[in-house]
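2 protein chains.
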Amino acid sequence: MSPREDFVAIFDSGVGGLTVFKEVMQKLPHENLLYFGDMARVPYGGRTPKTILRYAMECISFLMKRRLKCLIVACHTVSAHALEELKEKFDLPIIGVVEPMVQELETKKEIDRLLILGTRATIASNIYPRLILEKNPELKIFSLATPLFVPLVEEGMADHPATELIIKEYLRPLEKEKMGHVLLGCTHYPLMKEALAKVLGKEVKFLDAAPLVATKTYQLLASLNLLSKKKQPSYSFLVTDHREKFCSLASRFLGKSIALEDVEEVSLDS
Amino acid sequence: MSPREDFVAIFDSGVGGLTVFKEVMQKLPHENLLYFGDMARVPYGGRTPKTILRYAMECISFLMKRRLKCLIVACHTVSAHALEELKEKFDLPIIGVVEPMVQELETKKEIDRLLILGTRATIASNIYPRLILEKNPELKIFSLATPLFVPLVEEGMADHPATELIIKEYLRPLEKEKMGHVLLGCTHYPLMKEALAKVLGKEVKFLDAAPLVATKTYQLLASLNLLSKKKQPSYSFLVTDHREKFCSLASRFLGKSIALEDVEEVSLDS
């Protein structure tokens, strides 16, 4: 057996990547999944590219000690700032969240006005407009950093009236613009869909990377003939801090609870 | 000259400690001040005690390479969870934000109903109710973790109508209780005073550790005969990430801007 046949690993700065985990679990029901959340240093979205890269390198170096088939970087901030370096450094297939989204947009010719939402670091990277406009130069793109969305989701307040006011505040510079599609450029943001639809209108359509990443992972493993047929796959969770908080937030992202004993706290120094 | 005669150091997880810096600057106008913000790992308020202690140890070990008269831990989360260990480990006078506040409350016999606000970690430590009730057992105390206050302040939305709704949401379990005094148990919270007064009533009184810590520092240096008489003290800022973000937030906390060249990015590994 190859030393990398065992797990599909999913890396995120915290709990947000669980929206990706959920889709991967459904699309690849026979794979062992290993989730890694850097709860000791979350959130990454307000940090500099240099620090984002360093943190991702440290986490993935740790993960590489496990037996991995492939790695999903389930974080837009890391995918925006560090994916190329990670692919160069680590000798395994790595899938980010940006590329599948950009490829999806190439096929969606009906989109004419796109709002991209993300962390401050993701929006500052300008990666989405740059890659999307290469292929769809006619598209009208608006980008907006919305740093309060993550803490609002984590406080369980995504559907609170205060959140609606905050969305309106963020959108104020664009209030005269009609948006057709919204790119959810952070793995927390699928939990903001209802609140966003209240402000942007029910006809707005959302683009979520999670199912696209799951499909891409399926295709990758199929092409490498690495798909598992195991009946009862294992799901494991590694965190660098705060197992309890991770568990209590997880149910919001997964729609089901995680047992505390399935979450292991690890030290990156070891 | 003793190797510790030069700076009064002020340590915080991020920018919040600048509310303390501001008071120290006013009360000790002749001291060189050295501020340290762990911008690479902020916020500490949602982390476990073990991680909070480790981060504080690493930052202060770094600071100890400079010439320090004393150290102010300008962070309630660290003061609540790590102060005793820090005092044991490091051979210099250390002043936290909790003790001066508890001492102040001993003298304020008119207080009968006290609301304590803080990060999740500070409130979970229960340090304020425990220490306050030892001396004022008759006091009626209410404690509330308000984790959204920090990101709201940092987004410049402390006085936004959404913040008022969020305060009301946090206070819902206590809405029938009349509060006389509010203990601002996080160095960001002085910037929430106006919003809190809107919800709690204009007659509510705020207890802010910053001026108390400045007074205590003055007394300490005076008692050690270490007060400086320098005409033009120096103000330096060390951060572990994101000098630009630190500078742009600083003006909100200090009421005046900091020049980017006065902020040095440091690596804790070195």
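Top line first, the protein sequences correspond to chains Y and E. Residue 253 in my numbering is what sits at position 253 of the first sequence, and the numbering runs on without skipping anything. Residue 4 in my numbering is what sits at position 4 of the second sequence, and the numbering runs on without skipping anything. From the three backbone atoms N, C-alpha and C, an ideal C-beta is built for every residue, glycine too.
Chain E within 8 angstroms of Y/L147, Cβ atoms only: First, the amino acid is wrong: residue 147 of chain Y is Pro here, not Leu. Closer than 8 angstroms to some Cβ of chain E, the Cβ of Y/P147 qualifies, so yes.
DSSP three-state assignment for E/E85, whether helix, strand or coil: helix
Between the segment 179-194 of chain Y and the segment 75-86 of chain Y, do three or more beta carbon pairs fall short of 8 angstroms? yes
Could you pull out every residue in the same chain whose Cβ sits closer than 7 angstroms to the Cβ of Y/V263, ignoring the five residues on either side in sequence? Answer for Y/V263: F237, V239, R243, F246, C247, listed in chain order.
Excluding the five sequence neighbours on either side, which residues of its own chain have a C-beta within less than 6 angstroms of the C-beta of E/M192, listed in chain order? F149, A158
Y/L18 beta carbon less than 8 angstroms from that of Y/F206: no
Rounded distance between the beta-carbons of Y/Y35 and Y/I10, thought under 8 angstroms: 5 angstroms
What does E/D241 reach in chain Y if we use C-beta pairs closer than 7 angstroms? R47, T48, T51
Does the beta-carbon of E/P3 have 16 or more other beta-carbons within 10 angstroms, so that it is buried, or is it exposed? With a pLDDT of only 42 at E/P3, under 50, the local geometry of the prediction cannot be trusted, and no value is derived from it.
Measure the beta-carbon distance from E/Y235 to E/L28 and round it to whole angstroms, keeping in mind my assumption that it falls under 8 angstroms. Here E/Y235 is actually not in contact with E/L28; their C-beta atoms are around 12 angstroms apart, not less than 8 angstroms.
Counting contacts by CB-CB distance shorter than 8 angstroms, is E/H76 in contact with chain Y? no
Please check if any C-beta of chain E sits within less than 8 angstroms of the C-beta of Y/K274. Nothing can be reported for residue 274 of chain Y: it is not among the residues displayed for chain Y, which extend from 1 to 270.
With distance defined between alpha-carbon atoms, name the residue in E/K108, E/Q219, E/A124 nearest to E/P147. E/A124
Close beta carbons around Y/E138, own chain, < 8 angstroms, minus the five adjacent residues each side: D112
With E/L86 and E/V73 assumed to form a contact (beta carbons below 8 angstroms), what rounded beta-carbon distance in angstroms separates them? 7 angstroms
CB contact check: E/A124 to chain Y, cutoff 8 angstroms: no
With distances taken from CA atoms, which of E/H160, E/L133, E/A145, E/E154 is nearest E/R120? E/A145
Would a C-beta distance cut-off of 8 angstroms place Y/R172 and E/A40 closer than the cut-off? It is not a contact, given that the beta carbons lie outside the stated cut-off.
Within 8 angstroms (strictly less), CB to CB, does Y/I111 reach chain C? Within the model displayed, chain C is absent; protein chains Y and E are what it includes.
Please report the distance separating the alpha-carbon of Y/A222 from that of E/G118. 50 angstroms
Do Y/C70 and Y/P93 have their C-beta atoms within less than 8 angstroms of each other? yes
Along the segment 62-90 of chain E, what residues have a CB closer than 9 angstroms to any CB found in chain Y? Answer set for the segment 62-90 of chain E: empty.
Between Y/Y128 and Y/G180, what straight-line distance do the alpha-carbon atoms span, to the nearest angstrom? Y/Y128 and Y/G180 have their C-alpha atoms roughly 17 angstroms apart.
Which whole-angstrom value describes the C-beta separation of Y/T122 and Y/G45, a residue pair presumed to lie in contact below a C-beta threshold of 8 angstroms? Contact holds; Cβ gap of about 7 angstroms.
Complete runs of the beta strand (DSSP E) confined to the segment 29-107 of chain E [at least 3 residues]: Whole beta strand (DSSP E) segments, 3+ residues: 32-37, 68-73.
Taking buried to mean at least 16 other C-beta atoms within 10 Å of its own C-beta, is E/D329 buried or exposed? Not covered by the structure: residue 329 of chain E. The range shown for chain E is 1 to 270.
Would a check of beta-carbon distances place Y/I166 closer than 8 angstroms to chain E? yes
In three-state terms, what does DSSP make of Y/E264? strand
Once you ignore the five residues that flank Y/E58 on each side, which residues in its own chain have a CB closer than 7 angstroms to its CB? Leaving aside the five residues that flank Y/E58 on each side, the residues in its chain whose CB is nearer than 7 angstroms to its CB run, in chain order, L268.
Any C-beta of chain E under 8 angstroms from that of Y/L252: Here the sequence assigns Arg to residue 252 of chain Y, which means Leu is not the residue at that position. No - not a single Cβ of chain E is within 8 angstroms of the one on Y/R252.
Which same chain residues, not among the five before or five after E/L212, have their C-beta less than 7 angstroms away from its C-beta? P100, M101, E104
Count the other CB atoms, across all protein chains shown, that sit within 10 Å of the CB of E/K23; report buried if there are 16 or more and exposed otherwise. Note that residue 23 of chain E is Glu in the sequence shown, not Lys. E/E23 should be labelled buried.
Classify E/E134 as buried or exposed, calling it buried when 16 or more other Cβ atoms lie within 10 Å of its own Cβ. Exposed is the label assigned to E/E134, since fewer than 16 other Cβ atoms lie within 10 Å of its Cβ.
For a contact defined as C-beta to C-beta under 8 angstroms, what are the partners of E/R41 on chain Y? Correct list: A40, R41.
Among Y/I116, Y/F21, Y/Q232, the one whose alpha carbon lies nearest that of Y/V273: Since the displayed chain Y opens at 1 and closes at 270, residue 273 of chain Y lies outside it and no answer follows.
Taking E/L207 as part of the beta strand (DSSP E), name the residues at either end of that continuous run. From DSSP, the beta strand (DSSP E) with E/L207 extends over 205-208.
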